[in-house]
Amino acid sequence: MQGGTSVRLYGLEWLKESARISKVFDLLVAAILFLAVSGAFHLHYMLTAGDWDMWIDWKDRQWWVTLTPIMAITFPAALQYVFWTKFRLPIAATFAVVCLLFGQWINRYFGFHLWSYFPMSEVIPALLIPGALVLDVALLLTGNCLFTAMSGAFAFALLFYPANWFWLAPYRLPVEVMGQLVSVGDYISYAFTRTALPEYIRLIERGTLRTFGGHSAIIASFFSAFVSILMYLAWWHIGMLLARVVTTPNTLKNFMGLTDKDEPAETAQKAIDGTSLQGRFAAVE
Amino acid sequence: MRTFCFRKSSCVRVILSAAAAIMQIGILTLVPDAALAHGERNQEPFLRMRTAHFYDVKWSTNEIPVNGEIVVTGKFRLFPIWPVNLPLPEAAFLGNGTPGPVLARTESYINGVPAIQSTKLELNRDYEFKTVLKGRVPGHHHVHPMINVMGAGPLLGPGNWLTVTGNESDFKLPIKTLSGETIDNLETWGLGRVFFWHGLWVAIAIVWLVWWLRRPLLLPRFRALTEKGGDRSQLVTSTDRLFGAGLLVATILIVFFGFQATDTAYPRTVPLQGSRATVEPLPEVPEQVKVVVNKSNYDVPGRSLRMNVTLTNSGSTSAQLGEFLTSNQRFINHEVSQAMATVDPNYPKELLPPNGLKVSDSRPLKPGETKTVDIEAADAAWETERLSSLINDPDNTLGGLLFFYDEHGKRTISNVSGPMVPVFTDPDNRTAENPKGGPG
Ligand SMILES: [Cu+2]
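Okay, here's the thing in structure tokens:
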């Protein structure tokens, strides 16, 4: 430690200038990552659980509760691998769902509300933050993907319904419409019509799960929790795969008679012939 | 979210928003509907000629202020020669083809049964519908009654231009719940709770993120993990673990007590209602006039459909052919005054071809009489409505309804259907550009 020119970060010595540049780099990456994850996670989520998330009359006690955590734990799990193993940052799940929520509110407000006239009460996105916080803390405390899956991923799905009920309940009040009993949410979607999304398209609870006195949300939550464990592990490993940096030697260069200075010509020739596969791919962890 | 016409800007705007919406709608809705996203005229002719035929459609008015009401009534028949590639109407829904929810639907009925749920419908039967629409977004909107059929998509009725005047912000849709709450406006109901709860959790999430993000991040942490001399205990400290554990407990407590408080605030709630309605069709009326198509041609240069048909009147009163209805186009026989009298002044002009229906012998059929006549429906609508593209369809059977009137003005309806043979050239040198013929 030499006074004014260097600084210690996590036990390692850094030039002050390098530390400063590194901070700028952090900000740039954070901004890019925020937009990239917002876009990619949003797209993935819309394609898999989109209708349930979009419409107030799709948020049922069976399909919505089952599918949403299973489809939403994907990006958090993959990002947790990268954030935790490369940087020891237990914030990936929270970061991912905040990005998702940001994308959803932008899309609902500008796309659905202002552009397509839907009232906000018809198109509110689900809230995933409580489950994500627990998932992050589970990884922080256990430091292990298997234990995180069994505790955090399980809780991620179990917390989903109770955490959303707070805002959803007013839309499940009973009303009488044309002499029929429906929920406020049913009537909102009936009144503010979707031309190409008729009632029968809805994949919602239409029967009974025949147990727990009709509390189908509880069964759905537990089922979702078990699948979320598997989903979490699968996507943790997808994160692992995607985080690998794979390079291939530039064989074209060799065709043109050029070789790397420090690479024997013989190895380069082997790579061209394909006799040495190891020479062709070098994985950098 | 969608509309089915390109005529004026409000419809175009919605086509654009439909394109945006496709990005947003889940894959489940994207797949069955994508083929129909470009307007009513892009639906294949066999789809429009042989599914739902809407008739007697009336609009109580076509201009209302915001919060004003339009009642749309009418009937539809599901054509018996239903396209083989479409599923039967096992689940159908009385829809409302609008450019987004510019009008709020407050009530709708099929044969008097509330149409908030889907229902099964039967082929070759007639149904009466009624939809009550409340003005919401000011503008000039093209609105169709329609039937959505599971697997077959939207089947559109006649579209009409409805004008809404006033201020959008004046719109209100109030309702009283069965548990006693008074809702002033469903558009904004519950949003206070939504914003509070979403805001609270976003704030907590930001605290958690900032807790970590305020430190030197990527490269310093990566180096500390991978290089000799890096101090991992500084990457995650015991304070961090303690803070995390506290957050974990707080999260679970907030969710738990939030859930409890919600249950206390709203003790009576119901799940989404997903039953099916049961609707009986209107009583069956036997066809008074049996129609056999001997030959039918579509004259491409002349833009006209010609049919040679044998009509047999099996009723006890006379029958005079007054109208041919297909694809929401009403070809009316101008020689039959009862048929002319059925045209409502609010009925969209573009759905009434000016030449109407020409019948070689318009005299009434006496009871028991059989007669063979030529009928011709000639209009540019065949081209502008893209019905002539029937010649490009794998199923080129045409279909429609014929309306007959007796001497007392009573109407009976017969189905008409047959293969269609195109005529591409004709001896008079008529072309699409020169429909009158003569030396070109
Ligand atoms: Cu239209």
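Chains as they are written, first to last, in UniProt numbering: chain A, 1 to 285; chain B, 1 to 440. Note that beta-carbon positions come from the ideal geometry of N, C-alpha and C, so glycine has one too. As the structure is a computational prediction, the values presented were derived from the model and not from experiment.
Excluding residues up to 5 positions away in sequence, 125, 126 lie with their Cβ nearer than 6 angstroms to the Cβ of residue 53 of chain A in the same chain. Taking 8 angstroms as the upper bound for CB-CB distance, residue 417 of chain B and residue 293 of chain B are in contact here, some 7 angstroms apart. Residue 289 of chain B is not a Cβ neighbour of residue 113 of chain B, given a cutoff of 7 angstroms.
Across the set B:182, B:153, B:194, the C-alpha of B:194 shows the shortest separation from the C-alpha of residue 167 of chain A.
Residue environment for residue 320 of chain B: buried (at least 16 other C-beta atoms within 10 angstroms of its C-beta). By the CB criterion at 7 angstroms, residue 70 of chain B and residue 133 of chain B fall inside the cutoff. In this chain, the beta strand (DSSP E) harbouring residue 422 of chain B covers 421–423. Of the candidates B:316, B:311, B:179, B:179 places its Cα closest to the Cα of residue 269 of chain B.
According to DSSP, residue pairing for residue 320 of chain B in a beta bridge involves B:405. When DSSP states are grouped into helix, strand and coil, residue 77 of chain B belongs to the strand group. Taking 9 angstroms as the Cβ-Cβ cut-off, the segment 98–112 of chain B approaches chain A at 98, 99, 100, 101, 102, 103, 104, 105, 106, 107, 108, 109, given in chain order. Contact with chain A is absent for residue 238 of chain B, since none of that chain's Cβ atoms lies less than 7 angstroms from the residue's Cβ. Leaving aside the five residues that flank residue 91 of chain B on each side, the residues in its chain whose CB is nearer than 6 angstroms to its CB run, in chain order, 118, 150. Straight-line spacing of the CA atoms in residue 70 of chain A and residue 225 of chain A works out to 8 angstroms. Taken through DSSP and simplified to helix, strand or coil, residue 240 of chain B comes out as helix. A Cβ of chain B is located within less than 7 angstroms of the beta carbon of residue 195 of chain A. Inclusion of residue 161 of chain B and residue 142 of chain B in the CB contact set at 7 angstroms is warranted, their separation being smaller than that value. According to the DSSP secondary-structure assignment, residue 92 of chain B is paired through a beta bridge with B:119, B:149. For residue 86 of chain A, the chain B residues whose Cβ falls inside 9 angstroms of its Cβ are 218, 221, 222, 225, 226, in order along the chain. Assignment of residue 49 of chain B by DSSP, reduced to helix, strand and coil, places it in the helix class. Contact annotation: residue 42 of chain A and residue 100 of chain A have beta-carbon atoms nearer than 7 angstroms.
Inter-residue distance for residue 340 of chain B and residue 106 of chain B is about 33 angstroms (C-alpha atoms, whole angstroms). If you check each beta-carbon in the segment 149–181 of chain B against every beta-carbon of chain A, the ones closer than 7 angstroms belong to 150, 154, 173, 175, 177, 178, 179, 181. Taking a contact to require three or more Cβ pairs closer than 8 angstroms, the segment 295–302 of chain B and the segment 355–367 of chain B do not qualify as touching.
Between residue 17 of chain A and chain B, the shortest Cβ-Cβ separation is not below 7 angstroms. Beta-carbon to beta-carbon, residue 282 of chain B and residue 111 of chain B are separated by about 6 angstroms, close enough to satisfy the 8 angstroms threshold. In this structure, the alpha-carbon of residue 157 of chain A lies about 13 angstroms from that of residue 62 of chain A.
If the five residues before and after residue 67 of chain B are omitted, its C-beta is found closer than 7 angstroms to the C-beta atoms of 134, 135, 170, 171, 172, all from its own chain and listed in chain order. When rounded, the separation of the alpha-carbon atoms in residue 154 of chain A and residue 74 of chain B is 53 angstroms. Residue 165 of chain A belongs to the set of residues whose beta carbon lies under 7 angstroms from a beta carbon in chain B. Ranked by how close their Cα comes to the Cα of residue 48 of chain B, the residues B:163, B:61, B:396, B:223 have B:396 in first place.
Among the CB atoms of chain B, none fall inside 7 angstroms of the CB of residue 5 of chain A. Per DSSP, the beta bridge partners of residue 307 of chain B are B:296, B:375. Distances between the C-beta of residue 215 of chain A and the heavy atoms of ligand 1 are all 6 angstroms or more.
Of all residues in the segment 165–188 of chain A, only 165, 166, 167, 169, 170, 171, 172, 173, 174, 175, 176, 177, 178, 179, 180, 181, 182, 183, 184, 185, 186, 187, 188 place a beta-carbon less than 8 angstroms from a beta-carbon of chain B.
Assignment of residue 128 of chain B by DSSP, reduced to helix, strand and coil, places it in the strand class.
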